[in-house]
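Colleague:
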Amino acid sequence: MYKEILKTNYAKNYKEKIKKYLDGLDHNTNINHYWEKMRNAIKRSAEEVLGHEPRIKRKSWFNEQYKEAIADRDKACLRVVQDPTEENKRLAIRQREAKTIIRMNKRIWEKEKVKEIEDNRKNNTRIFFEKSIEVKSVKPRHTMIRMEDGTLLKENDKIAKAFKNMFQTLLNQPRRDVVTEEYDTVEQNIERPSLEEVETGLDMLKNGKAPGADYIIPECLKNGGEQLLKQLHKLINKIWDQEEIPIAWSTSVLCPVFKKGETMRCTNYRGISLLNT
Numbered sequence: 197m198y199k200e201i202l203k204t205n206y207a208k209n210y211k212e213k214i215k216k217y218l219d220g221l222d223h224n225t226n227i228n229h230y231w232e233k234m235r236n237a238i239k240r241s242a243e244e245v246l247g248h249e250p251r252i253k254r255k256s257w258f259n260e261q262y263k264e265a266i267a268d269r270d271k272a273c274l275r276v277v278q279d280p281t282e283e284n285k286r287l288a289i290r291q292r293e294a295k296t297i298i299r300m301n302k303r304i305w306e307k308e309k310v311k312e313i314e315d316n317r318k319n320n321t322r323i324f325f326e327k328s329i330e331v332k333s334v335k336p337r338h339t340m341i342r343m344e345d346g347t348l349l350k351e352n353d354k355i356a357k358a359f360k361n362m363f364q365t366l367l368n369q370p371r372r373d374v375v376t377e378e379y380d381t382v383e384q385n386i387e388r389p390s391l392e393e394v395e396t397g398l399d400m401l402k403n404g405k406a407p408g409a410d411y412i413i414p415e416c417l418k419n420g421g422e423q424l425l426k427q428l429h430k431l432i433n434k435i436w437d438q439e440e441i442p443i444a445w446s447t448s449v450l451c452p453v454f455k456k457g458e459t460m461r462c463t464n465y466r467g468i469s470l471l472n473t
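Structure, rendered in structure tokens:
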């Protein structure tokens, strides 16, 4: 989202919008409200200058024929799991038909992508690597989850709820009594972060990284101009003085990643957190 902000013609308009929306920001407000105003100004400016690019979830070879084949395959698979009779097993032949359709469409799509990759191998390395990543082998995601009692879940909302309950149980274990020893030490006299240090920290952010729950990528912060830099510096100093961060900064998107074992078991997944930039 907003990656075109690196282009000069967009960056100038983006900086002007940021300055407009950040003017008059009340510095005496609490940290959460302060960051909320800044976040809204950044997102609003980027959307007005660049628009919003919708996220494409499916590859181009995912057509209606493929969609129908997948639906038939899932129904046949569900029948075999729930009632493994001979008749239902014969219905599972639909899985082979689905695989044939998938393989045919994917091969056509791969040939087109390979041609694009070869055409840009010497002329445009950025497009070359982007297209190369698109055709790399990725394991398909399972659309069903098996609960401990053997129940199969197919609906996305129920699957999400199952993962939510699993992570809540995993991450909210009762605390054990641990004996700790405390030592009194002399606190170092560390000065508040300077404007130059904040600017250096922004420059060190890597481009092209996935955003967190606020959908703000590093490019939006790095190209906000002097006004955004000064407001970030004031916010960080408020955090330094009050020794607390905005609640939104501790919010993360928890993504399940398969570890090993049966892919239909929630307990065989680990969670990784995507924090805000």
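So for the sequence shown, the numbering used here puts the first residue at 197; every next one is plus one.
No residue lacks a Cβ here, since even glycine has one placed at the ideal position from N, Cα and C.
Computed from a prediction, not measured in an experiment: that's the story for all the values here.
What do you reckon, are the CB atoms on residue 425 and residue 414 nearer than 8 Å?
Modeller: On the sequence shown, residue 425 is found 229 positions in, with the first residue counted as 1. On the sequence shown, residue 414 is found 218 positions in, with the first residue counted as 1. Result no, Cβ atoms of residue 425 and residue 414 do not sit closer than 8 Å.
Colleague: Cutting at 8 Å between CB atoms, please list the residues of its own chain near residue 227, excluding the five before and the five after it.
Modeller: Walking along the sequence shown from the start, residue 227 turns up at place 31. Cβ neighbours of residue 227 beyond the five flanking positions: 431, 434, 435, 438, 440, 441 and 442.
Colleague: Rounded to whole angstroms, what's the CA-CA distance from residue 280 to residue 325? Just pull it up for me.
Modeller: The count along the sequence shown starts at 1 and reaches residue 280 at position 84. The count along the sequence shown starts at 1 and reaches residue 325 at position 129. Computed Cα separation, rounded: 46 Å.
Colleague: Nearest-angstrom Cα distance between residue 295 and residue 365?
Modeller: Counted from its first residue, the sequence shown places residue 295 at position 99. Counted from its first residue, the sequence shown places residue 365 at position 169. So the alpha carbons of these two residues sit roughly 37 Å apart.
Colleague: Report yes if the C-beta distance between residue 409 and residue 361 is below 8 Å; otherwise report no.
Modeller: The residue labelled residue 409 in the question sits at position 213 within the sequence shown. The residue labelled residue 361 in the question sits at position 165 within the sequence shown. Not in contact: residue 409 and residue 361 (Cβ atoms no closer than 8 Å).
Colleague: In terms of residue numbering, what span does the beta strand (DSSP E) encompassing residue 322 cover?
Modeller: Residue numbering aside, residue 322 sits at position 126 when the sequence shown is read from its first letter. Element bounds for residue 322: not the beta strand (DSSP E) but the alpha helix (DSSP H), 321 to 330.
Colleague: With a CB to CB cut of under 7 Å and the five nearest residues on each side skipped, what residues in its chain are close to residue 468?
Modeller: Reading the sequence shown from its first residue, position 272 is the one you call residue 468. Closer than 7 Å at the Cβ level, and outside the excluded window around residue 468, lie 451 and 453.
Colleague: Name, in chain order, the residues that DSSP records as bridge partners for residue 469.
Modeller: Position 273 of the sequence shown, counting from 1, holds the residue named residue 469. Per DSSP, 450.
Colleague: Nearest-angstrom Cα distance between residue 449 and residue 404?
Modeller: Here residue 449 is taken as the residue at index 253 of the sequence shown, counted from 1. Here residue 404 is taken as the residue at index 208 of the sequence shown, counted from 1. Near 18 Å, if we compare the C-alpha coordinates of residue 404 and residue 449.
Colleague: Counting C-beta neighbours from all protein chains within 10 Å, is the total for residue 350 16 or more, i.e. buried, or is it exposed?
Modeller: Working through the sequence shown from its first residue, we reach residue 350 at position 154. Residue 350 should be labelled exposed.
Colleague: Tell me the residue span of the alpha helix (DSSP H) that contains residue 414.
Modeller: Reading the sequence shown from its first residue, position 218 is the one you call residue 414. Per DSSP, residue 414 belongs to the alpha helix (DSSP H) from 414 to 418.
Colleague: Please classify residue 234: is it buried, with 16 or more other beta-carbons within 10 angstroms of its beta-carbon, or exposed?
Modeller: Taking the sequence shown and counting its residues from 1, one reaches residue 234 at position 38. Residue 234 comes out buried.
Colleague: Can you tell me the Cβ-Cβ gap for residue 457 and residue 211, rounded? I've got them flagged as a contact below 8 Å.
Modeller: The sequence position of residue 457 within the sequence shown is 261, counting from 1. The sequence position of residue 211 within the sequence shown is 15, counting from 1. Wrong, their Cβ atoms sit about 51 Å apart, outside the cutoff.
Colleague: Whole angstroms are fine: how far does the CA of residue 368 sit from the CA of residue 217?
Modeller: Your numbering for residue 217 matches position 21 in the sequence shown. Your numbering for residue 368 matches position 172 in the sequence shown. Residue 217 and residue 368: Cα-Cα distance of roughly 40 Å.
Colleague: For residue 431, name the three-state secondary structure that DSSP assigns.
Modeller: Along the sequence shown, read from residue 1 onward, the residue named residue 431 stands at position 235. If DSSP states are grouped into helix, strand and coil, residue 431 belongs with the helices.
Colleague: If we call anything under 8 Å between Cβ atoms a contact, is residue 213 one with residue 245?
Modeller: By 1-based counting over the sequence shown, the position of residue 213 is 17. By 1-based counting over the sequence shown, the position of residue 245 is 49. Yes, they are a contact pair.
Colleague: For a test of the three-state rule: what should DSSP assign to residue 341, helix, strand or coil?
Modeller: Residue mapping note: residue 341 aligns to position 145 of the sequence shown, counting from 1. Strand, per DSSP.
Colleague: How many whole angstroms separate the CB atoms of residue 476 and residue 462, which I take to be in contact at a CB cut-off of 8 Å?
Modeller: Absent from the structure is residue 476, since the part of the chain shown begins at 197 and ends at 473.
Colleague: If you reduce the DSSP assignment to three classes, tell me which class residue 424 lands in.
Modeller: Along the sequence shown, read from residue 1 onward, the residue named residue 424 stands at position 228. If DSSP states are grouped into helix, strand and coil, residue 424 belongs with the helices.
Colleague: According to the Cβ coordinates, are residue 302 and residue 313 closer than 8 Å?
Modeller: On the sequence shown, residue 302 is found 106 positions in, with the first residue counted as 1. On the sequence shown, residue 313 is found 117 positions in, with the first residue counted as 1. Contact flag unset, no.
Colleague: Residue 401 by DSSP, collapsed to three states: which one?
Modeller: Sequence index remark: in the sequence shown, residue 401 carries index 205 (1-based). DSSP places residue 401 in coil when its eight states are reduced to three.
Colleague: Whole angstroms is fine: what's the gap from residue 239's alpha carbon to residue 428's?
Modeller: Counting from 1 along the sequence shown, the entry for residue 239 is found at position 43. Counting from 1 along the sequence shown, the entry for residue 428 is found at position 232. About 15 Å.
Colleague: For residue 349, which of helix, strand or coil comes out of DSSP?
Modeller: Translated into positions along the sequence shown, residue 349 becomes position 153. Of the three classes helix, strand and coil, the one that applies to residue 349 here is strand, per DSSP.
Colleague: Whose C-beta lies closer than 7 Å to the C-beta of residue 423 among residues of the same chain, with five residues either side of it excluded?
Modeller: Stepping through the sequence shown from its first residue, residue 423 is reached at position 227. 214, 215 and 218.
Colleague: Exposed or buried, residue 269, counting other C-beta atoms within 10 Å across all chains shown (16 or more means buried)?
Modeller: As a first step, residue 269 must be located in the sequence shown, where it is residue number 73. Looking at its Cβ environment, which holds 16 or more other Cβ atoms inside 10 Å, residue 269 is buried.
Colleague: Could you compute how far the alpha carbon of residue 446 sits from the alpha carbon of residue 466?
Modeller: Locating residue 446 in the sequence shown gives position 250, counting from the first residue. Locating residue 466 in the sequence shown gives position 270, counting from the first residue. Straight-line Cα distance between these residues: approximately 19 Å.
Colleague: What are the boundary residues of the alpha helix (DSSP H) that residue 233 is part of?
Modeller: In the sequence shown, counting from the first residue as 1, residue 233 sits at position 37. It spans 227 to 246 - the alpha helix (DSSP H) in which residue 233 sits, taken as one unbroken run.
Colleague: From the DSSP output, in three-state form, read off residue 207 for me.
Modeller: By one-based count along the sequence shown, residue 207 stands at place 11. If DSSP states are grouped into helix, strand and coil, residue 207 belongs with the helices.
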